[in-house]
Amino acid sequence: MNPGCYRLRLFCDLFRVFVLPSLCLWFVLRALDARLGILFSIPLYLAFMALWAVGKGIVSRSNHARTARQLGAQPIRQVVGKWPGNIDVLLKMMRAFKTSYVLDVYLQLFEEYQCTTLNTRILWTDHIITMDQQHSKFVLSTGFGHFWRGHAQKERLETFLGQGIFNRDDEIWKMHRNVARPFFARERISDFDIFEKYTRRALSLVTTNQPCDAQDLFSRLTLDAASEFLFGTDLQTLGAALPIAGKTAMGPKGSATDDSWGAFARAFEMAQQTVTARGRIGHMWPLFELFGDKNAGNVRVIRAWLDPLVQRAVDDKRQARKAGIDSPVADKTFLQHLADSTDDPVLIRDQLLSVLLASRDTTACLLTFVTYFMAIYPEVARKLRADVLSHCGPHGMPTYEHIRDMKYLRAVLNEVLRLYPPVPLNVRESRAAACTLPPADASYPAADARPLYMPGGTPIMYLPLLMQRNPALWGADADVFDPERWLVPARVAAFVENPTMYAPFSAGPRICLGQNYALNEAAYALVRLLQEFDSVALAPEAQPAGSLPPPEWKARRGRQAVERVWPAAALTLYVKGGLWVKFGRARVAA
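Residue 117 in the UniProt record's numbering sits at position 117 of the sequence shown; the count goes up by one each step and never skips.
Given below as structure tokens:
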């Protein structure tokens with residue numbers, strides 16, 4: 001897909017909406033030999049375009065209703081605004097996105113309509129949103145064949161992620177997955193030497209009782225570790241300039257630094273913000289980028305970092321072929337194996353970027369919010385540290401078996417992932433043929449028990465963060481941070497019986513290949529952190545201006561009423577302005 005195709009798509013859409021009906025009317029008037037002055041022709045053309053739109057809508061609804069009857073399905077409940085095309089709903093949502101709690105815009109719609117799946121029908125275009133566990137399960141797993149990434153999402157992501165695994169379907173997606181799978185086998189992800197190297201390097205940068213941006217630190221740790229694990233290269237971001245409390249400006253997703261690494265991080269994060277903004281605007285986002293792709297500059301900076309890695313892999317492959325060397329997969333890095341699987345450097349680079357995005361943002365997000373909860377719940381930090389010391393002591397290097405046996409540590413990780421899944425929302429698109437979603441969760445009001453009609457070629461946004469905080473699934477305390485829920489057999493049994501109610505790493509055929517890598521890395525880093533430091537406190541005075549929660553959040557229910565940082569989402573979850581904390585060094589240092 002050519003990144004510039006969005007302009008052609010927009011032109012075709014505008015032609016169908018404005019030019020085609022005008023041409024039809026012109027031919028009719030010409031055939032009737034009607035002669036109208038400009039005073040009458042302009043209103044006539046405008047009225048005809050309006051009638052054309054109404055007529056198309058009637059025909060479309062009639063076709064959908066007929067297909068729904070054939071499938072024995074009911075329509076998805078539709079949001080009804082006061083203005084045509086629900087333009088007032090769109091404007092309200094766009095304003096709210098600037099200051100609202102993460103995904104609260106959607107939660108308010110679900111509360112207003114008393115259901116868990118809705119059709120927002122913005123600008124006369126079907127767009128389904130759901131926090132319903134049964135519907136998410138169908139999209140991701142049981143009805144996987146009915147859905148794909150689709151044209152709209154690929155268009156938004158093309159400049160940024162191109163042909164990478166997160167932006168492709170079918171054969172290319174299968175190829176990426178088959179190439180990546182061997183590198184996340186247990187024998188690879190339980191080799192903790194790389195985790196030790198970079199965790200030690202990261203912790204050496206922490207000054208006792210001095211504010212530091214933990215989110216930035218974890219982002220660097222995970223990126224450097226992933227680059228060596230997968231590509232055999234140390235990007236050395238932990239050696240670059242660190243944010244300074246009170247002096248560092250707020251970046252797109254955290255802190256910003258004025259150096260080469262800072263330029264890459266800003267471009268990497270701005271690209272995600274741009275993609276998110278496009279998704280919020282909807283189908284007509286190209287109208288706002290008529291004179292240039294907003295991600296073009298970001299991508300140039302990103303490629304300046306990645307292209308040398310790709311070129312080195314291509315050169316290594318060429319030299320190995322000349323020398324007649326064919327090493328087994330076990331002796332190769334992921335990048336070398338990827339280069340062996342294709343001669344297309346663009347495909348290599350796009351997959352490289354996709355894997356870096358996942359390996360950095362997923363684990364860094366998890367570590368960030370664990371640290372946040374340790375700061376606001378000191379008793380959790382004490383229990384975690386006791387769990388660590390009882391298994392590894394104050395100095396011992398954690399092993400795979402240690403991490404497996406630390407039940408409270410795993411409970412904390414599970415609970416953080418439940419409340420703050422790294423990918424809080426995602427989108428699929430139904431394929432050309434219409435299908436039906438299963439009946440909604442029985443705990444929510446529904447007109448009847450029939451399945452819901454899902455039109456073909458329609459995007460559906462599913463919202464793991466809202467699903468995993470749904471009181472109907474998790475109880476009245478669904479918004480409460482309580483790791484103990486993962487240690488109570490009766491509560492765990494509910495999850496075991498219904499595993500897709502908890503899907504922080506997705507589910508089905510596209511489930512995250514690197515989830516065990518992420519969990520092991522996060523657990524390892526926490527063990528080393530808690531061996532060296534016995535306390536952590538928020539440093540709100542160090543947060544950049546505009547990064548603390550706005551006062552109006554307290555009027556809402558749930559976590560936002562008590563939140564002390566600003567969780568936000570741009571492809572992945574992050575803390576606005578960074579997570580500024582102070583670590584207290586343990587009396588017996590590791």
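No residue lacks a Cβ here, since even glycine has one placed at the ideal position from N, Cα and C.
Residue i burial status per 10 Å Cβ neighbour count (16 or more: buried)
i, result
"VAL19", "exposed"
"ALA152", "buried"
"GLY279", "buried"
"ALA589", "Because the pLDDT at ALA589 is just 45, under 50, the model does not fix this residue reliably, and the point stays unresolved."
"SER443", "For SER443, the predicted model reports a pLDDT of 46, less than 50, meaning its position is unreliable; a value from the coordinates is still stated below. Flag for SER443 reads exposed."
"ALA569", "buried"
"PHE231", "buried"
"ALA271", "buried"
"ILE76", "buried"
"VAL496", "exposed"
"GLU171", "exposed"
"PHE27", "exposed"
"PRO464", "buried"
Span of the beta strand (DSSP E) around residue i
i, result
"LYS582", "580-585"
"LEU452", "452-454"
"ALA569", "567-570"
"ALA518", "No beta strand (DSSP E) holds ALA518; the alpha helix (DSSP H) holding it covers 515-532."
"ASN119", "117-119"
"THR436", "435-437"
"ARG431", "Run containing ARG431: none; DSSP gives neither H nor E here."
Best match in the options for proximity to residue i [C-alpha to C-alpha]
i, options, result
"PHE184", "ALA518, ILE302 and GLN468", "ALA518"
"PHE334", "CYS24, ALA323, SER354 and GLY324", "SER354"
"ALA296", "ALA537, ARG557, GLY162 and ARG95", "GLY162"
"ARG186", "ASN520, TYR574, PRO544 and SER359", "ASN520"
"ARG318", "VAL301, ALA381 and SER341", "SER341"
"ILE242", "ASP234, ALA271, TRP261 and GLN351", "Residue identity check: residue 242 is Leu in the sequence provided, not Ile. That would be TRP261, whose Cα lies nearest to the Cα of LEU242."
"ARG418", "ARG469, LEU109 and LYS197", "ARG469"
"GLY143", "VAL492, ARG587, GLY508 and GLU541", "GLY508"
"GLN70", "PRO378, TYR453, TYR524 and ARG266", "TYR453"
"PRO459", "LEU44, LEU25, CYS12 and ARG156", "ARG156"
"ARG485", "LYS56, LEU221, ALA568 and LEU413", "LEU413"
"ALA96", "TYR6, ALA277 and ALA265", "ALA277"
"TRP474", "LEU140, ASN498, TYR462 and ARG77", "ASN498"
"THR159", "ILE189, GLN133, THR274 and ASP234", "THR274"
"LYS576", "GLN531, PHE583 and VAL565", "VAL565"
"ILE128", "PRO455, LEU221 and HIS395", "PRO455"
"ILE42", "LEU25, LEU32 and MET131", "LEU25"
Continuous alpha helix (DSSP H) stretch holding residue i: start and end
i, result
"ASP104", "104-113"
"THR346", "It is worth fixing the name first, because residue 346 is Val in this sequence and not Thr. From DSSP, the alpha helix (DSSP H) with VAL346 extends over 345-376."
"THR199", "193-203"
"ILE281", "260-281"
"ASP170", "170-180"
Secondary structure of residue i, DSSP reduced to three states
i, result
"TYR444", "Because TYR444 carries a pLDDT of 47, less than 50, the predicted location of this residue cannot be relied on, and the following value inherits that uncertainty. DSSP places TYR444 in coil when its eight states are reduced to three."
"PRO75", "strand"
"LEU212", "Here residue 212 turns out to be Cys, not Leu, going by the sequence shown. Three-state DSSP puts CYS212 in a strand."
"TYR462", "strand"
"MET406", "coil"
"TRP83", "coil"
"PHE15", "helix"
"PHE288", "helix"
"ILE42", "helix"
"VAL301", "helix"
"THR130", "strand"
"TRP474", "helix"
"ILE122", "strand"
Cβ distance (whole Å) where residue i is taken to contact residue j below 8 Å
i, j, result
"VAL527", "CYS392", "6 Å"
"PHE373", "VAL416", "6 Å"
"MET250", "PRO544", "4 Å"
"GLU563", "TRP553", "6 Å"
"LEU487", "LYS407", "7 Å"
"TYR574", "PHE481", "Between PHE481 and TYR574 the Cβ distance is about 18 Å, and since that is not below 8 Å, they are no contact."
"CYS365", "PRO422", "4 Å"
"ALA202", "LEU217", "6 Å"
"LEU123", "HIS283", "7 Å"
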